[in-house]
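Below is one structure, written out as structure tokens; the observations come after it.
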Amino acid sequence: MTFAPARTLAPLQWLTAIQDQPFPVLFDSGHPDAPFGRYAILAAEPRCYWTALDADTLQTWHRQPAGGYRPGKISRGPVLQQFAALQSGVPVPTAAADNGVFNGGLIGLLPYESGAGVQGIQSPARPPELPAAMLWGWVGDYDRALVIDHQENRLYRVGDCHHWQPASPAAPAPPANASAILRTRLERPDYLQRLQRIQQYLRAGDIYQVNLTRHFWHPWQQDPVSTFARLRQATPMPFGGYLDLGDAQLLSLSPERFLQVRDGQLETRPIKGTRPRGADPATDEQLRAELQHSEKDRAENLMIVDLLRNDLGRSAAIGSVRVPRLFDIESFANVHQLVSTITARLPATTSPLQALAQAFPGGSITGAPKRRAMEIIAELEPHRRGPYCGSLFYQDVTGRLDSNILIRSVVLAQGQLNIWSGGGIVWDSDPAAEFQETHDKIGRLASALGLELP
Numbered sequence: 001m002t003f004a005p006a007r008t009l010a011p012l013q014w015l016t017a018i019q020d021q022p023f024p025v026l027f028d029s030g031h032p033d034a035p036f037g038r039y040a041i042l043a044a045e046p047r048c049y050w051t052a053l054d055a056d057t058l059q060t061w062h063r064q065p066a067g068g069y070r071p072g073k074i075s076r077g078p079v080l081q082q083f084a085a086l087q088s089g090v091p092v093p094t095a096a097a098d099n100g101v102f103n104g105g106l107i108g109l110l111p112y113e114s115g116a117g118v119q120g121i122q123s124p125a126r127p128p129e130l131p132a133a134m135l136w137g138w139v140g141d142y143d144r145a146l147v148i149d150h151q152e153n154r155l156y157r158v159g160d161c162h163h164w165q166p167a168s169p170a171a172p173a174p175p176a177n178a179s180a181i182l183r184t185r186l187e188r189p190d191y192l193q194r195l196q197r198i199q200q201y202l203r204a205g206d207i208y209q210v211n212l213t214r215h216f217w218h219p220w221q222q223d224p225v226s227t228f229a230r231l232r233q234a235t236p237m238p239f240g241g242y243l244d245l246g247d248a249q250l251l252s253l254s255p256e257r258f259l260q261v262r263d264g265q266l267e268t269r270p271i272k273g274t275r276p277r278g279a280d281p282a283t284d285e286q287l288r289a290e291l292q293h294s295e296k297d298r299a300e301n302l303m304i305v306d307l308l309r310n311d312l313g314r315s316a317a318i319g320s321v322r323v324p325r326l327f328d329i330e331s332f333a334n335v336h337q338l339v340s341t342i343t344a345r346l347p348a349t350t351s352p353l354q355a356l357a358q359a360f361p362g363g364s365i366t367g368a369p370k371r372r373a374m375e376i377i378a379e380l381e382p383h384r385r386g387p388y389c390g391s392l393f394y395q396d397v398t399g400r401l402d403s404n405i406l407i408r409s410v411v412l413a414q415g416q417l418n419i420w421s422g423g424g425i426v427w428d429s430d431p432a433a434e435f436q437e438t439h440d441k442i443g444r445l446a447s448a449l450g451l452e453l454p
């Protein structure tokens, strides 16, 4: 590992420089001066990678000295459990060489369906058509990476990546045609019909909350990095990311951390409760205060906090689960969000990645109880979620882990742009307000690309 003052700390310039390397990835914290905004991580050319061929099949690929990758062994079993057992082959740095963030290690994508499979829930073959890795998962073992420290104005290089040099950032993708309207399989009448079905389950005591989502799509041929640049310009977020698997790209502007591990301490920060930003300061403050004091949103948030306390408890040391912060308001470019924080201590017998898998998928995007909520999701949603509501994560060789919840995220595949949006349904949900929330959450992303919501 080496470090030096950075010629540029702009993550998009470095992403542009490595976008043609195999499997480039960026963990993006948005504005450098924002909370959680100190670091950005970029990596490419993993020494090996594991790609899911289906829900129960994983194939290994190894980097060749002359370039490219050769196939390795194929293993069987639920892919989420196989991913949880992976270990990096990258050497652990000395204490003096540790950059404190990412020293090489595992970087991967856990799609929602990989978690449904472990829960024993069948995922019907529904649209959208995505490559298997985007449906079931992918993990690379990266020994070449960059860490940008915005606070110290330093760039750390990990491994043999001195040939990577910053490039002129990709120009943001031009907006689509004025008539470009996103399509969806859940128009208002269909959405409201499914919401009513959920409320029947709620009244029967079958469930307490279900996250119901909509899938939108539109033909798309723009450059992926340029598309990400436009989205990032419109809505920088603290847990954003970019991953290019060759035949599909993931572009995330997520505001939500799923699970972090530092020095044996687990932390998760669920979001539940949303209001749009106001058009003027007075309206904006009114909406913020409305969310802060909303009994309904607090009840929903607390329900998910209880679920995640249980999820963390599956891997945490006995008696170590705590809730240090409850009902914080965090404001972003397009929305105010209600956020809580849960912590726990990770025992030495459990790896960070195992803890991530045991809590996956996040309770904030399923409902409670989790398994029954996921069964209802499989029954009612006419689409697959793929990466949406899954997680982009890294686990470095020293045991640090961080991950997001893949909301406010776009998948580009087979000439199509895919985006999802949803929210938690409870017994007293206002159907019209819930439908509008699915627009509020992605409206700014859509308009940044020149797309209109239907």
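For what it's worth, the UniProt record's numbering labels the leading residue of the sequence shown as 1, then goes sequentially. The beta carbon of each residue, even a glycine, is placed where N, CA and C say it ideally should be.
Item	Value
Provide the residue(s) that pair with Ser403 in DSSP beta bridges, ordered along the chain.	Phe393
Enumerated in chain order, which unbroken segments of the alpha helix (DSSP H) with a length of 4 residues or greater are wholly contained in the segment 44 to 88?	79 to 84
In the DSSP assignment, find the unbroken alpha helix (DSSP H) run with Tyr112 in it and report its ends.	112 to 118
If we ignore side chains and look at the alpha-carbon of each, how far apart do Arg160 and Met303 end up?	For the sequence presented, residue 160 should be read as Asp rather than Arg. Looking at the two C-alpha atoms, the distance is approximately 47 Å.
Determine the closest residue to Gly140 out of Leu130, Thr94, Thr60, with distance taken between C-alpha atoms.	Thr60
Excluding the five sequence neighbours on either side, which residues of its own chain have a C-beta within less than 6 Å of the C-beta of Asp247, listed in chain order?	Pro131
Bridge partners of Trp420, per DSSP?	His215
Taking C-beta to C-beta, are Trp217 and Pro128 nearer than 8 Å?	yes
Would you please state the rounded distance, in angstroms, between the beta carbons of Val118 and Gln82? I believe it to be under 8 Å.	Rounded, the Cβ-Cβ distance is 10 Å, inconsistent with contact.
Could you compute how far the alpha carbon of Glu285 sits from the alpha carbon of Gly278?	8 Å
Distance, Cα to Cα, Arg372 vs Ala378?	10 Å
Return the CA-CA distance between Glu152 and Asn310, expressed in angstroms with no decimal places.	38 Å
Are the CB atoms of Asn334 and Arg444 nearer to each other than 8 Å?	yes
With burial defined as no fewer than 16 other Cβ atoms inside 10 Å of the residue's Cβ, what is the status of Ser168: buried or exposed?	exposed
Would you mind listing the beta strand (DSSP E) stretches within the segment 262 to 313 that are 3+ residues and don't spill past its ends, in chain order?	265 to 268, 271 to 276
Excluding sequence positions up to five away, which residues of its chain have a Cβ less than 7 Å from the Cβ of Gln292?	Ile329
Using a Cβ-Cβ cutoff of less than 6 Å, which residues in the same chain neighbour Arg408 once the five nearest sequence positions on both sides are dropped?	Leu253, Ser254
Around the Cβ of Lys73, are there at least 16 other Cβ atoms within 10 angstroms (buried) or fewer (exposed)?	exposed
Tell me, to the nearest whole angstrom, how far the beta carbon of Gly362 is from that of Pro270; I am working on the premise that it is less than 8 Å.	7 Å
Ordered along the chain, which non-local residues of its own chain (more than five positions away) have a Cβ less than 6 Å from that of Gly423?	Glu434, Glu437
If you draw a straight line from the alpha carbon of residue 456 to that of Asp20, how long is it in whole angstroms?	Residue 456 lies beyond the range of the chain shown here (1 to 454); nothing can be said about it.
Do the segment 316 to 327 and the segment 377 to 393 touch if we need at least three Cβ pairs shorter than 8 Å?	no
What's the gap between the Cα of Asp440 and the Cα of Thr94?	47 Å
Could you check whether Phe393 and Pro238 sit closer than 8 Å to each other, using their CB atoms as the reference points?	no
Can you give me the start and stop residues for the alpha helix (DSSP H) that Arg232 sits inside?	224 to 234
Which of the three DSSP states, helix, strand or coil, is assigned to Trp220?	coil
For Leu406, count neighbouring C-beta atoms within 10 Å of its own C-beta (all shown protein chains included) and say buried if the count is 16 or more, exposed if not.	buried
Where does Thr349 fall in DSSP's three states?	coil
So, are the CB atoms of Arg288 and Ser351 less than 8 Å apart?	no
Does the beta-carbon distance from Asp28 to Ala40 come in below 8 Å?	yes
Drop a sphere of 10 angstroms on the beta-carbon of Ile318, count the other beta-carbons inside from all chains shown, and report buried for 16 or more, exposed for fewer.	exposed
Please list the segments of the alpha helix (DSSP H) lying wholly inside the segment 128 to 202, counting only runs of 4 or more residues, in order along the chain.	132 to 136
Which residues in the same chain as Thr184 place their Cβ atom closer than 7 Å to its Cβ, once the five residues preceding and following it in sequence are excluded?	Arg214, His215, Phe216, Pro454
Taking the straight line between their C-alpha atoms, what separation do you get for Ala316 and Pro347?	6 Å
Is Asn301 near the ligand HEM, judged by its Cβ being under 7 Å from some heavy atom?	No copy of the ligand HEM appears in this structure; indeed no ligand is present at all.
Give the single residue among Arg262, Tyr156, Gly273 whose Cα lies nearest to the Cα of Ala355.	Arg262
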